[in-house]
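I have placed the structure first, in the form of C-alpha cells, so that the comments after it can refer back to it.
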Amino acid sequence: MRGLRGLAPRSRRGAAARTSGAAASSPVRLALSDLLLLGLTRLRTKPLRAALSALGISIGIATVVVVTGIPASSQQAVMDELASLGPDLLRAAAVPNQGEDQPAGLPTASIGMAGRIGPVQEVSGVANVHAGVRRTDKVDGGSTGITVLASKPNLLPLLGAKIHSGSFLTPAKERFPTVVLGAKAATWLGITDLPPGQPKPRILLNDTWFTVVGVLARSPLAPDVEQSVLVGWDAARTSLGFDGRPSVVYVRATDASLEDVRAVLGRTLNPEQPGLVQVSRPSEALAAQRITQNAFSTLFLGLAGVALLVGGIGVANTMVISVLERRREIGLRRALGANRGQIRGQFLTESVVLCTIGGLLGAGLGILGVIAYANSQHWPVVIPANALLAGIGASIAVGVLAGVYPAVRASLLTPTEALAAD
Numbered sequence: 012m013r014g015l016r017g018l019a020p021r022s023r024r025g026a027a028a029r030t031s032g033a034a035a036s037s038p039v040r041l042a043l044s045d046l047l048l049l050g051l052t053r054l055r056t057k058p059l060r061a062a063l064s065a066l067g068i069s070i071g072i073a074t075v076v077v078v079t080g081i082p083a084s085s086q087q088a089v090m091d092e093l094a095s096l097g098p099d100l101l102r103a104a105a106v107p108n109q110g111e112d113q114p115a116g117l118p119t120a121s122i123g124m125a126g127r128i129g130p131v132q133e134v135s136g137v138a139n140v141h142a143g144v145r146r147t148d149k150v151d152g153g154s155t156g157i158t159v160l161a162s163k164p165n166l167l168p169l170l171g172a173k174i175h176s177g178s179f180l181t182p183a184k185e186r187f188p189t190v191v192l193g194a195k196a197a198t199w200l201g202i203t204d205l206p207p208g209q210p211k212p213r214i215l216l217n218d219t220w221f222t223v224v225g226v227l228a229r230s231p232l233a234p235d236v237e238q239s240v241l242v243g244w245d246a247a248r249t250s251l252g253f254d255g256r257p258s259v260v261y262v263r264a265t266d267a268s269l270e271d272v273r274a275v276l277g278r279t280l281n282p283e284q285p286g287l288v289q290v291s292r293p294s295e296a297l298a299a300q301r302i303t304q305n306a307f308s309t310l311f312l313g314l315a316g317v318a319l320l321v322g323g324i325g326v327a328n329t330m331v332i333s334v335l336e337r338r339r340e341i342g343l344r345r346a347l348g349a350n351r352g353q354i355r356g357q358f359l360t361e362s363v364v365l366c367t368i369g370g371l372l373g374a375g376l377g378i379l380g381v382i383a384y385a386n387s388q389h390w391p392v393v394i395p396a397n398a399l400l401a402g403i404g405a406s407i408a409v410g411v412l413a414g415v416y417p418a419v420r421a422s423l424l425t426p427t428e429a430l431a432a433d
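Residues in the sequence shown are numbered from 12 upward in steps of one, following my numbering.
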C-alpha cells in the first residue's frame, strides 16, 4: 500500500509535466499587429530595395491608370464633338400632298403626342406662318430667303443653339410681338448685335411691328432656323393668323432607342396620313459614336490586362529573389522556434504591404499623368473610377498571388539546409 501511495503522486506529477510540455511545444499564434510589424521589418531594414520594388509596382499601376485615363479623356473629347452634331436628334417635317405646293402642316396636338413616346427626352416644334419680313415700311414686299417661324420656348436648348446677343423667347415674351433672328437672317437684315442699354430695333412681319429681342449664334443642327425669324407661338396666332399646326417637330431620344422612335414617329405625329411626314434618318454621328465607344472599351481591357501582367511578373520575381537571398535568415528563425505558418505569414505580409504601397503610389502618379496630358491636349479630364479601383485592388491581389509561392517555398526549408546555404 505504501508503494502504491508513493507511486500515485509521481504519476500525477508526470502527467502534469507532460501537459505543460505539450503546452510549451504548441505553436504560438501571432497577433495581426505582430504579423504586420514582422512583415514590415524587411522594408525598414532594406529601404532602398523596398523602394525599388514598390517603384516597379507603382509604374505598373500608373501605367494601368494612364493607359485607361488618357484614352477615356480622348474618348470623351470625341464624344462631346459628336454630340454637338446632334446624333440623338430627329427632325419630322410635313410634306405636301400630291398636287399641292405647300404642306398642310401637322395636327395641332402632334408635339404633345410625340412627347408621350417612351424613349423621347425632349420635343419641340416650329411652324412656317408664311409672313413677309421687312426692315422698314418704306418699301413694298419682304426680304427674300427669310422664313418666319412660330417657335416654342424650349427650341433653343433642344437644338443646342446659343444666343449671340439679347435673349430668347420665354413663356412670357412669346405672347407679345417680339422676335429672335437666326444668324443668317440677322446678317441679311443688318441686325447682328443688340447693344445693352440701347433701344431694340423693330421689323415688320406682314403689317405688324415686332421688336427684335435676340440674335442667335450659328446653329449647325438647324440650318433652316439660321435663316429664319422666330416669333412666339401665341403671338403668331394673335398677330399673324397662325392656325397652330406645326410644320417641323424636333425630337431628342435615347441613343439606344433612336431607330425605334424614328419607326413610330410618323404614325404618332399624323395617324391619319403618316405618309405626309418625312422623318430624318439617325445621324451618321450616332454610328460613329457607337463605333468609338466599342473600340475604346476593347482598348481599355487590352492595355489594362497587359499592364497588370507586367506588374504581377515583377512582384513575383522580386519576392522569389527575396527568398533565395534570405535562406540563412529563414533557417535562423526556424531554429529559434518559428513555425512554417509564421514564415509563410511573414513573406505573404511583406508582399501584400509592398504591393499596397506601390499600388497607391502608382494610382497617384497615374492620375497626375492623365491630368497633365489631358490639359496639354485641351481634353476633359476623365479618370475611370473602375480602372482606378481595379488597379489598386489588382495590385493587392497580385501581391497575394505573387507572395504565395515564395512564402510556401520559404516555409518548406528546414533549419539545417537553410543555415547551410551560402
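Note that the Cβ used here is the ideal one computed from N, Cα and C, for glycine as well.
Whole angstroms is fine: what's the gap from ILE382's alpha carbon to VAL392's? If you take the alpha carbons of ILE382 and VAL392, they lie about 6 angstroms apart.
So, using beta-carbon positions, are LEU287 and ALA120 closer together than 8 angstroms? No, Cβ-Cβ distance for LEU287 and ALA120 is not below 8 angstroms.
Taking the beta strand (DSSP E) that ILE214 belongs to, which residues open and close that run? Segment 213 to 216, the beta strand (DSSP E) holding ILE214.
Per DSSP, cross-strand counterpart(s) of PHE221: In DSSP, PHE221 forms a bridge with ILE214.
Could you tell me which of ARG420, GLY252, VAL236, PHE187 sits nearest to HIS141, measuring between CA atoms? Selected option, being the one with the closest Cα: GLY252.
So which of LEU100, VAL77, GLY177, THR198 has the shortest CA-CA distance to LEU276? Nearest of LEU100, VAL77, GLY177, THR198 to LEU276, Cα basis: LEU100.
By the 10 Å Cβ neighbour count, where 16 or more other Cβ atoms means buried, how is GLY402 classified, buried or exposed? Taking all protein chains shown into account, GLY402 has 16 or more neighbouring C-beta atoms within 10 Å of its C-beta and is therefore buried.
Report the rounded CA-to-CA distance for PRO182 versus VAL137, giving the unit in angstroms. PRO182 and VAL137: Cα-Cα distance of roughly 15 angstroms.
Leaving out five residues on either side along the sequence, give the residues of the same chain with a beta carbon under 6 angstroms from the beta carbon of ASN165. Excluding sequence neighbours, ASN165 sits near SER135.
Extent of the continuous alpha helix (DSSP H) run through GLY201: Premise fails: GLY201 is in no alpha helix (DSSP H) and is neither H nor E.
Evaluate ASN397 with the Cβ neighbour count: other Cβ atoms within 10 Å of its Cβ, from every protein chain shown; 16 or more gives buried, anything less gives exposed. By the 10 Å Cβ count, ASN397 comes out exposed.
Can you tell me whether DSSP reads ILE403 as helix, strand or coil? Annotated three-state conformation of ILE403 is helix, per DSSP.
Residue from PRO231, ARG248, PRO130 whose Cα sits closest to the Cα of ALA161: Nearest neighbour of ALA161 by Cα position, chosen from PRO231, ARG248, PRO130, turns out to be ARG248.
DSSP beta-bridge partners of TYR384: DSSP lists no partner for TYR384.
Under 8 angstroms between C-beta atoms of ALA421 and LEU399: It is not a contact, given that the beta carbons lie outside the stated cut-off.
Within a Cβ cutoff of 7 angstroms, which residues of the same chain sit near THR279, ignoring the five residues on either side of it in sequence? Once the five neighbours on either side are set aside, the close Cβ partners of THR279 are MET124, ALA125, ILE128.
Please state if the CB of GLY116 and the CB of PRO257 are separated by a distance shorter than 8 angstroms. When the beta-carbon positions are compared, PRO257 and GLY116 come within less than 8 angstroms of each other.
Would you mind reading off the limits of the beta strand (DSSP E) that contains GLY136? GLY136: member of the beta strand (DSSP E) spanning 131 to 139, first to last residue.
Considering only DSSP beta bridges, list what ALA161 is partnered with. Per the DSSP secondary-structure output, ALA161 pairs in a beta bridge with ALA138, VAL242.
Nearest-angstrom Cα separation, counted from GLY313 out to ALA500: The chain is shown from 12 up to 433; residue 500 falls before or after that span and cannot be answered.
So the candidates are ALA61, VAL131, GLY80, LEU424; which of them puts its Cα closest to the Cα of SER268? Comparing Cα-Cα distances from SER268 to each of ALA61, VAL131, GLY80, LEU424, the minimum goes to VAL131.
Using only alpha-carbon positions, find the residue among PRO118, SER230, PRO212 that is nearest to LEU167. Considering only alpha carbons, the answer is SER230.
In three-state terms, what does DSSP make of ILE174? Residue state, collapsed to three classes: strand.
Where does VAL10 sit, in a helix, a strand or coil, going by DSSP? Not covered by the structure: residue 10. The range shown for the chain is 12 to 433.
Is LEU169 closer than 8 angstroms to ARG263 when the C-beta atoms are compared? Yes. Within cutoff.
Can you give me the start and stop residues for the alpha helix (DSSP H) that ARG278 sits inside? For ARG278, the enclosing alpha helix (DSSP H) covers residues 269 to 280.
If we count the other Cβ atoms within 10 Å of its Cβ and call it buried at 16 or more, is ALA34 buried or exposed? Legend: pLDDT at ALA34 = 44, less than 50; position of this residue unreliable, value from coordinates given subsequently. It is exposed - the Cβ of ALA34 has fewer than 16 other Cβ atoms within 10 Å.
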